[in-house]
Amino acid sequence: EVKIGKDGKVLHVGKLEDVSGVSDIARQVAELFLFIPSKTVKIGEVWTKSSETEGSKGDYTFTLKDVKLIGGKKIGRVEEKGIIKVDKKQDMMGMTADVHLSGKEKSEVSVEIAKGIPVEKKISLGLEGTSTISGGTIPGTMEMKMYIDNTITIKMK
């Protein structure tokens, strides 16, 4: 449910969790800010954080690699390395998928220092594991081996 005022402003958004994929998108946006340290860091300094969402867990190490002046703005480059584990049961199209994946993530985050916000994130993800599908038109269960090798670039405008 979305309510928009006569001036075009969004007044209320409700039940977004019922919209397919919205929780995954919200999680990904939140993870863009995971790198933010709890204190000011210097070039070469390392810090760690953990992230846990429904069905997945990640342990991450971050390093501030450098800070450069780009287009009149100080941009910091943060290297992120993570170990990820996914154990999730999910309903999809009348079937149930029981997914177990683990692997590594390596990312580079470009951060506008003055605002403390990411302007770009390049993510390399390598996961492998299994997915067991049941229900729907599948008699019994079907287990599949899964390999995910993905590179994603997210840019803020």
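Quick note on the working numbering: the sequence shown kicks off at 4 and runs consecutively. Each residue gets a CB set at the ideal place from its N, CA and C atoms; glycine is no exception. Note that the structure is predicted; figures quoted are calculated from it, not measured.
Buried or exposed by the 16-neighbour rule on C-beta atoms within 10 Å, applied to residue i
{"i": "serine 110", "result": "buried"}
{"i": "valine 49", "result": "exposed"}
{"i": "proline 121", "result": "buried"}
{"i": "leucine 72", "result": "exposed"}
{"i": "phenylalanine 38", "result": "buried"}
{"i": "phenylalanine 65", "result": "buried"}
{"i": "lysine 124", "result": "buried"}
{"i": "isoleucine 85", "result": "Reading the sequence as shown, one finds glycine at residue 85 and not isoleucine. Buried, by the Cβ-count rule."}
{"i": "glycine 61", "result": "buried"}
{"i": "glutamate 83", "result": "buried"}
Strand pairing of residue i, partner residues [DSSP]
{"i": "alanine 100", "result": "Gln93, Ile136"}
{"i": "proline 121", "result": "Val114"}
{"i": "leucine 128", "result": "Glu108, Asn153"}
Span of the beta strand (DSSP E), counted from its first residue to its last, around residue i
{"i": "proline 142", "result": "141 to 158"}
{"i": "valine 70", "result": "59 to 73"}
{"i": "valine 44", "result": "Here valine 44 belongs to no beta strand (DSSP E), and DSSP marks it neither H nor E."}
Inter-residue CB distance, residue i and residue j (contact presumed, cutoff 8 Å)
{"i": "serine 127", "j": "methionine 98", "result": "About 30 Å separates the two Cβ atoms, so there is no contact after all."}
Distance, residue j Cα to residue i Cα
{"i": "isoleucine 87", "j": "tyrosine 63", "result": "9 Å"}
{"i": "aspartate 69", "j": "lysine 52", "result": "20 Å"}
{"i": "isoleucine 141", "j": "methionine 159", "result": "42 Å"}
{"i": "lysine 118", "j": "glycine 106", "result": "32 Å"}
{"i": "glycine 79", "j": "valine 89", "result": "30 Å"}
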